[in-house]
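Here the structure is laid out as structure tokens; the discussion comes afterwards.
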Amino acid sequence: MRHFDAIVLGAGSAGELIASNLAKAGRSVAMIEKLRVGGECAYVSCMPSKSMLRSTQVRNLTKKIVELGGSKNPILLSDEEGAFAWAASRRDQIVENRDDASATASAIKAGVELIRGTGRFEGPDQLRVNEENLSWTDLILATGSTSTIPKIEGLDEIDFWTSDQALSANTRPKSVLIVGGGPVGCELAQIFARFGAETTIVQFTEQLVEHEHPEIAKRLAQNLVADGVKISFDTSVTKVEMSVNKTVIAHLSNGSVITVERLIIASGRHPNISELNLNLLGIEVNDKGAIQVDGHCRVLGYEHIWAAGDVTGIAPFTHTANYQGRIVSANVLGGDEVANYSAVPRAIYTDPPVASVGEMKAARSADDFIHAQIELSEVSRNKTDGEAGGLLILSADPSRGVLTGATAIGPHADEWLVEATLAIRAEVPLATLCDVVHGFPTFSEAYEVPMRELLHLSLLSREKLAQRLKRAEITQCDHEFELDKVLGQVRCIKCGDLDDEMQLPNLAVATKEAKDDFYKTQASFE
Ligand SMILES: Cc1cc2nc3c(=O)[nH]c(=O)nc-3n(C[C@H](O)[C@H](O)[C@H](O)COP(=O)(O)OP(=O)(O)OC[C@H]3O[C@@H](n4cnc5c(N)ncnc54)[C@H](O)[C@@H]3O)c2cc1C
Numbered sequence: 003m004r005h006f007d008a009i010v011l012g013a014g015s016a017g018e019l020i021a022s023n024l025a026k027a028g029r030s031v032a033m034i035e036k037l038r039v040g041g042e043c044a045y046v047s048c049m050p051s052k053s054m055l056r057s058t059q060v061r062n063l064t065k066k067i068v069e070l071g072g073s074k075n076p077i078l079l080s081d082e083e084g085a086f087a088w089a090a091s092r093r094d095q096i097v098e099n100r101d102d103a104s105a106t107a108s109a110i111k112a113g114v115e116l117i118r119g120t121g122r123f124e125g126p127d128q129l130r131v132n133e134e135n136l137s138w139t140d141l142i143l144a145t146g147s148t149s150t151i152p153k154i155e156g157l158d159e160i161d162f163w164t165s166d167q168a169l170s171a172n173t174r175p176k177s178v179l180i181v182g183g184g185p186v187g188c189e190l191a192q193i194f195a196r197f198g199a200e201t202t203i204v205q206f207t208e209q210l211v212e213h214e215h216p217e218i219a220k221r222l223a224q225n226l227v228a229d230g231v232k233i234s235f236d237t238s239v240t241k242v243e244m245s246v247n248k249t250v251i252a253h254l255s256n257g258s259v260i261t262v263e264r265l266i267i268a269s270g271r272h273p274n275i276s277e278l279n280l281n282l283l284g285i286e287v288n289d290k291g292a293i294q295v296d297g298h299c300r301v302l303g304y305e306h307i308w309a310a311g312d313v314t315g316i317a318p319f320t321h322t323a324n325y326q327g328r329i330v331s332a333n334v335l336g337g338d339e340v341a342n343y344s345a346v347p348r349a350i351y352t353d354p355p356v357a358s359v360g361e362m363k364a365a366r367s368a369d370d371f372i373h374a375q376i377e378l379s380e381v382s383r384n385k386t387d388g389e390a391g392g393l394l395i396l397s398a399d400p401s402r403g404v405l406t407g408a409t410a411i412g413p414h415a416d417e418w419l420v421e422a423t424l425a426i427r428a429e430v431p432l433a434t435l436c437d438v439v440h441g442f443p444t445f446s447e448a449y450e451v452p453m454r455e456l457l458h459l460s461l462l463s464r465e466k467l468a469q470r471l472k473r474a475e476i477t478q479c480d481h482e483f484e485l486d487k488v489l490g491q492v493r494c495i496k497c498g499d500l501d502d503e504m505q506l507p508n509l510a511v512a513t514k515e516a517k518d519d520f521y522k523t524q525a526s527f528e
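Numbering (the numbering used here), first residue to last: 3 to 528.
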């Protein structure tokens with residue numbers, strides 16, 4: 003039995019990164035992969051979907067060429083099927099025709115021993131791959147996730163697609179029925195609809211992208227409808243059958259029947275654990291099948307077993323897989339890195355995109371969080387670009403005076419949301435965020451008005467708190483003055499009274515420099 007310093011099971015975004023990092027640090031590393039080095043993202047998920055979406059955006063923009071002043075005469079875009087095939091060939095170049103040769107070469111160059119095959123545990127300290135048993139000092143589980151196939155009568159008899167096939171197709175079906183209106187379903191819907199396929203989404207809840215803010219989800223649905231997508235809310239597919247001419251007949255829970263050329267299942271994903279025999283290691287998974295990890299990405303209860311990426315069930319995106327990959331690499335090499343998931347962005351790359359970060363809802367009660375929003379039609383860049391507007395909603399915690407969440411739908415929202423991402427991650431005070439200068443005209447100017455509103459609401463909320471404290475009739479208060487960073491005032495934390503002698507000039511107190519200055523001044527008084 004061969005022994006390695008580290009065995010990395012799964013060579014997707016997380017596994018590939020960890021294996022290379024550890025090998026470059028001089029560890030002996032075996033990376034086990036049953037399909038493609040690079041996993042899902044490079045070949046069948048992020049990269050092909052974003053490539054196809056880009057083609058649809060350009061196509062849509064071309065349709066607006068007269069409106070946007072690019073030409074006096076329209077450009078005819080009639081050949082939708084041919085255009086789809088052309089977009090697919092561009093996509094295939096970008097995803098290297100789903101060939102992992104270059105990713106494999108990079109891993110090997112880094113010093114990784116790549117073993118192709120399916121890994122299964124044969125005991126608490128043995129992994130079986132092909133005909134060989136392997137052992138480890140550190141084991142890293144990075145097996146990713148797979149499309150969840152819902153229980154629908156007759157589905158076994160149908161040649162349906164998941165996102166893998168939908169994003170590898172070279173020909174466009176005339177009509178598609180997409181089961182599931184999550185991020186994947188919405189992106190696929192826009193791709194197929196904009197290339198002229200009759201497209202229907204069946205969504206079992208009352209809004210698309212159910213984890214997002216309802217108003218943002220509503221706008222996304224409106225945009226997809228404008229692209230020609232039909233959406234059935236609160237509906238599920240109960241039964242499917244194949245017609246004599248090979249079309250799919252789908253029976254919906256609302257009694258209607260839809261006939262389409264292709265059924266696409268996009269109803270969520272689940273961690274890849276079923277073939278691993280994790281029970282032999284004593285590892286338990288949660289009710290969603292995800293491997294539980296601590297902040298260090300150590301599997302709970304195991305010193306030398308780690309997990310990263312979709313298999314952990316935490317924010318299942320490539321950037322999380324990469325982040326956890328960095329954490330695991332550092333910690334296996336003796337570091338003490340702890341993951342912070344407070345500001346992991348998420349995006350739906352439709353045109354325009356939806357982008358969100360942090361928490362929009364109150365963790366404790368509705369009163370604990372304040373919200374402010376702006377229509378993007380009020381931002382100058384929207385006018386110069388001739389865009390259809392959009393919405394930005396911000397959320398803050400007044401007690402801490404910091405931003406807690408941001409969600410937007412609008413042009414390039416996936417890019418300019420990074421400002422909120424940084425603000426939430428670094429807990430930048432609202433007063434400082436209000437002091438940020440944005441270039442004119444940029445979409446990021448959208449932050450300015452709602453951010454000031456949040457600061458204002460935050461101040462009011464503090465005032466209200468102070469009044470409530472006073473109403474509590476603390477008559478003979480033995481004042482305990484403290485600097486209130488948000489208000490820029492020195493107040494008694496018991497009764498809310500101001501210390502008149504110790505007031506700061508303005509809200510800039512929330513910046514670190516100002517705060518430091520204040521304390522220096524205070525110290526010089528003493
Ligand atoms: C359609 C679609 C679009 C997406 N778009 C985006 C996007 O735009 N941005 C974004 O951030 N995220 C996106 N995602 C999510 C992203 O693809 C995943 O979060 C990311 O790929 C997870 O990486 P991973 O390393 O955890 O797993 P994977 O990339 O799935 O890699 C796991 C690897 O493990 C291998 N494996 C599994 N079991 C075994 C075994 N027993 N033995 C050997 N090998 C095994 C698999 O073959 C696979 O190669 C999208 C997902 C989908 C489905």
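Note that beta-carbon positions come from the ideal geometry of N, C-alpha and C, so glycine has one too.
*Less than 7 Å between the CB of T434 and some heavy atom of ligand 1, yes or no?*
Taking the first residue of the sequence shown as 1, we reach residue 434 at position 432. Incorrect: T434 has no Cβ contact closer than 7 Å to ligand 1.
- Message: Among the candidates V46, R464, V404, whose CA atom is the shortest distance from the CA of L169?
- Response: Start at 1 with the first residue of the sequence shown, and residue 169 comes out as number 167. The shortest Cα separation from L169 among V46, R464, V404 belongs to V46.
Exercise. Which residues does DSSP pair with R122 in a beta bridge?
Worked result: Stepping through the sequence shown from its first residue, residue 122 is reached at position 120. Its beta-bridge partners are R130.
Between which residues of its own chain and N288 is the CB-CB distance below 8 Å, once the five residues before and five after are set aside? Numbered from 1 along the sequence shown, position 286 holds the residue referred to as residue 288. Cβ within range, chain order: Q294, G315.
If we ignore side chains and look at the alpha-carbon of each, how far apart do N172 and A252 end up?
Position 170 of the sequence shown, counted from the first residue, corresponds to residue 172. Position 250 of the sequence shown, counted from the first residue, corresponds to residue 252. In a straight line, the C-alpha of N172 is about 24 Å away from that of A252.
Quick check on this structure: which residue in A87, K74, I275, T120 has the alpha carbon closest to the alpha carbon of R38? Taking the first residue of the sequence shown as 1, we reach residue 38 at position 36. Answer by Cα proximity: T120.
Margin query: Rounded to the nearest angstrom, what separates G270 and F483 at their Cα positions?
Written below: On the sequence shown, position 268 is the one that residue 270 refers to. On the sequence shown, position 481 is the one that residue 483 refers to. If you take the alpha carbons of G270 and F483, they lie about 52 Å apart.
Just the C-alpha distance for R61 and T106, rounded to the nearest angstrom, thanks.
For this step, residue 61 is matched to residue 59 along the sequence shown. For this step, residue 106 is matched to residue 104 along the sequence shown. R61 and T106: Cα-Cα distance of roughly 35 Å.
Segment contact flag, the region 374-388 with the region 219-230, C-beta cutoff 8 Å, min 3 pairs: Under the 8 Å Cβ criterion, the region 374-388 does not count as touching the region 219-230, having fewer than three qualifying pairs.
| request: May I ask you to list the residues that DSSP assigns as paired with K232? | output: The count along the sequence shown starts at 1 and reaches residue 232 at position 230. Answer is T202.
- Query: DSSP state of C494, grouped into three classes?
  - Reply: Position 492 of the sequence shown, counting from 1, holds the residue named residue 494. C494 falls in the strand class under three-state DSSP.
Suppose the cutoff is 8 Å on Cβ atoms and the five residues either side in sequence are ignored; what does the same chain contact list for N324 look like? Stepping through the sequence shown from its first residue, residue 324 is reached at position 322. Once the five neighbours on either side are set aside, the close Cβ partners of N324 are S15, A16, L19.
Close Cβ partners of G291 (< 6 Å) along its chain, the five nearest in sequence each way excluded: By one-based count along the sequence shown, residue 291 stands at place 289. Cβ within range, chain order: H272, P273, I275.
Euclidean distance between Cα positions of M3 and R130: Stepping through the sequence shown from its first residue, residue 3 is reached at position 1. Stepping through the sequence shown from its first residue, residue 130 is reached at position 128. The straight-line gap from Cα to Cα measures roughly 10 Å.
Roughly how many whole angstroms lie between the Cα atoms of D499 and S463? As a working mapping, residue 499 is identified with position 497 in the sequence shown. As a working mapping, residue 463 is identified with position 461 in the sequence shown. Whole-angstrom Cα-Cα distance: 15 Å.
Helix, strand or coil for G360? Go by DSSP, reduced to three states. As a first step, residue 360 must be located in the sequence shown, where it is residue number 358. DSSP, reduced to helix, strand and coil, places G360 within a strand of the structure shown.
Practice prompt. Note down, one range per segment and in chain order, each beta strand (DSSP E) of at least 3 residues found wholly within the region 16-40.
Written response: Runs of the beta strand (DSSP E) inside the region 16-40: 31-35.
Distance between A109 and S22 (C-alpha atoms, nearest Å): Translated into the one-based positions of the sequence shown, residue 22 becomes position 20. Translated into the one-based positions of the sequence shown, residue 109 becomes position 107. Near 6 Å, if we compare the C-alpha coordinates of A109 and S22.
### Query
Which value, in whole angstroms, describes the spacing of the CA atoms of I117 and E124?
Indexing the sequence shown from 1 puts residue 117 at position 115. Indexing the sequence shown from 1 puts residue 124 at position 122. Using only the alpha carbons, I get a separation of about 17 Å.
request  = Measuring alpha carbon to alpha carbon, tell me which of M362, T409, D338, F86 ends up nearest D399.
outcome  = Within the sequence shown, residue 399 is the residue found at index 397, counting from 1. It is M362.
- Message: Applying the 10 Å Cβ sphere with the 16-neighbour rule, what's the burial state of N333?
- Response: Within the sequence shown, numbered from 1, the residue matching residue 333 stands at position 331. Classification of N333: buried, given that the 10 Å Cβ count is 16 or more.
Helix, strand or coil at F194 [DSSP, three-state]: In the sequence shown, counting from the first residue as 1, residue 194 sits at position 192. Looking at F194 - three-state DSSP - the assignment turns out to be helix.
Which listed residue (E189, R300, R92) has its alpha carbon closest to that of E339: As a first step, residue 339 must be located in the sequence shown, where it is residue number 337. That would be R300, whose Cα lies nearest to the Cα of E339.
Practice item. Please go through the region 268-311 and give each complete beta strand (DSSP E) segment of 3 or more residues, from N-terminal end onward. Key: The region 268-311 contains these whole beta strand (DSSP E) runs: 271-273, 307-309.
Looking only at its chain, what residues have a beta carbon closer than 6 Å to the beta carbon of N279, apart from the 5 residues adjacent to it on each side? On the sequence shown, position 277 is the one that residue 279 refers to. Around N279: R122, F123.
**Request:** From the DSSP output, read off the bridge partner residues of P431.
**Result:** Against the sequence shown, residue 431 aligns to sequence position 429. Per DSSP, V404.
* To do: Please name the residue, chosen from S358, P443, V404, that lies closest to E214 on a Cα-to-Cα basis.
  => Here residue 214 corresponds to residue number 212 of the sequence shown, with the count starting at 1. Residue S358 is the option with its Cα nearest to E214.
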